[in-house]
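In the working numbering, the protein residues as written are 4 to 231. Using N, Cα and C, we set each Cβ at its ideal position, and we do this for glycine too. As structure tokens, the structure follows; a few thoughts come after it.
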Amino acid sequence: MVEPGRSSENWALGPVLAMEEPFPFVCVGCGDCCRQRRDLVLSGYDLYRIARRLRLSPRIVAHAFCKSYVAPQSCLPALRLTPDPKTGNCRFFEGNACAIHEARPLACALYPLGQSIDPVTAQTEYRAQLPLCGACPEGRTLRDYLEDSAIPERAGIDARWAVVCTGISRQLQAVGGPDHPHFAAAVRRIERALYLDYDLGDEFYPQFQQNTQVLMPLLARMLENNGC
């Protein structure tokens, strides 16, 4: 799946890294990865974390800071963070720093890594690209970098998100995607379940589970009639 992440980057160019392999990269806060970004796609968990940080509902954050669209490869609803209209930089890049750093999206926390998740086993792999920034201290491993970026704390949620989204994507594609007469209605309902229907007073994952448990049978009924 291309989403979520940075949709214009080709992570296949980098090698798969093992946890104990050397990964001598440390961010020095130059901000270059935040400038002129128009391709940052959010997961539902990314949106929820940003909404909690801003103390706004996911629906308000999505409307104010994101562009909603249907990803052509997956047929899934997706949210892309729109840039600052004046600078073209990330909306949350202020004074050469990230204003939501503790709640930054997964793609930002991973940089310069890409992440791929097997939709069946949920096994996660990391690939590297050559960064044009940062410091390179010796003795650091991939595990060190991931722990510094708090990736292990959210890895289970990200893996489950990928598995569920892949299943929904296959379901949509199997019935013809946009050609299905109920596709638009299905996408709106999926967007609510994956991104919008979350109470910030409760944790994300139990709500995600409940949302998808309600969604799946409803989606099956919506897609049963193909209009033939």
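Beta-carbon separation (whole angstroms), residue i vs residue j, contact threshold 8 Å
{"i": "LEU84", "j": "LEU43", "result": "4 Å"}
{"i": "CYS37", "j": "CYS101", "result": "7 Å"}
{"i": "TYR72", "j": "PHE207", "result": "About 23 Å; that fails the 8 Å criterion."}
{"i": "LEU203", "j": "SER60", "result": "7 Å"}
{"i": "ALA112", "j": "ARG55", "result": "Incorrect: roughly 16 Å between the Cβ atoms, too far for contact."}
{"i": "ALA81", "j": "ALA74", "result": "4 Å"}
Separation of residue j from residue i, as counted between CA atoms
{"i": "GLY8", "j": "LEU109", "result": "Note that GLY8 scores a pLDDT of 46, beneath 50, so its modelled location is shaky; the value from the coordinates is reported in the next line. Near 7 Å, if we compare the C-alpha coordinates of LEU109 and GLY8."}
{"i": "ARG163", "j": "ARG41", "result": "26 Å"}
{"i": "ALA196", "j": "VAL123", "result": "21 Å"}
{"i": "ILE160", "j": "ILE154", "result": "10 Å"}
{"i": "LEU293", "j": "ARG62", "result": "The chain is shown from 4 up to 231; residue 293 falls before or after that span and cannot be answered."}
{"i": "HIS183", "j": "CYS78", "result": "11 Å"}
{"i": "PHE96", "j": "PRO220", "result": "41 Å"}
{"i": "LEU175", "j": "PHE186", "result": "8 Å"}
{"i": "ARG224", "j": "ILE53", "result": "33 Å"}
{"i": "ASN92", "j": "LEU57", "result": "19 Å"}
{"i": "PRO86", "j": "PHE68", "result": "8 Å"}
{"i": "LYS70", "j": "ARG94", "result": "13 Å"}
{"i": "PRO25", "j": "GLN132", "result": "14 Å"}
{"i": "SER172", "j": "TYR201", "result": "21 Å"}
{"i": "ALA188", "j": "GLY142", "result": "52 Å"}
Endpoints, beta strand (DSSP E) assigned at residue i
{"i": "ALA81", "result": "80 to 84"}
{"i": "CYS69", "result": "69 to 73"}
{"i": "LEU57", "result": "No beta strand (DSSP E) contains LEU57, which is instead part of the alpha helix (DSSP H) from 47 to 57."}
Of the residues the options, the one placed nearest residue i, counting alpha carbons only
{"i": "VAL167", "options": "ASP147, PRO184, GLU194 and GLY179", "result": "GLU194"}
{"i": "ALA125", "options": "ALA153, ALA158 and HIS66", "result": "ALA158"}
{"i": "GLU150", "options": "PHE211, PRO18, VAL29 and HIS66", "result": "VAL29"}
{"i": "VAL178", "options": "LEU226, ASN99 and GLN76", "result": "LEU226"}
{"i": "CYS136", "options": "ALA81, TYR114, THR127 and GLY204", "result": "TYR114"}
{"i": "CYS139", "options": "PRO27, ALA21, GLU23 and PRO18", "result": "PRO27"}
{"i": "LEU20", "options": "ARG130, CYS93 and ALA112", "result": "ARG130"}
{"i": "LEU211", "options": "SER172, PRO181 and ALA165", "result": "Here the sequence assigns Phe to residue 211, which means Leu is not the residue at that position. Among SER172, PRO181 and ALA165, the Cα nearest to that of PHE211 is on ALA165."}
{"i": "GLN76", "options": "ASP121, CYS69 and GLY180", "result": "GLY180"}
{"i": "PRO18", "options": "LEU45, GLN118 and ALA74", "result": "GLN118"}
{"i": "PRO134", "options": "LEU116, ASP147, ASP121 and THR127", "result": "LEU116"}
{"i": "GLY170", "options": "GLY142, LEU222, THR90 and GLY98", "result": "LEU222"}
{"i": "LYS89", "options": "VAL190, GLU128 and GLN39", "result": "GLN39"}
In DSSP terms, what residue i is bridged to
{"i": "PHE96", "result": "CYS101"}
{"i": "TYR129", "result": "LEU20 and GLN118"}
{"i": "LEU197", "result": "LEU197 pairs with nothing; no bridge assigned."}
{"i": "VAL64", "result": "Beta-bridge pairing links VAL64 to no other residue."}
Alpha helix (DSSP H) segment containing residue i, residue limits
{"i": "GLY159", "result": "158 to 177"}
{"i": "ILE193", "result": "186 to 194"}
{"i": "ARG224", "result": "207 to 227"}
{"i": "ALA2", "result": "This structure does not reach residue 2, given that the chain is present from 4 up to 231, and the question cannot be answered."}
{"i": "GLU150", "result": "145 to 151"}
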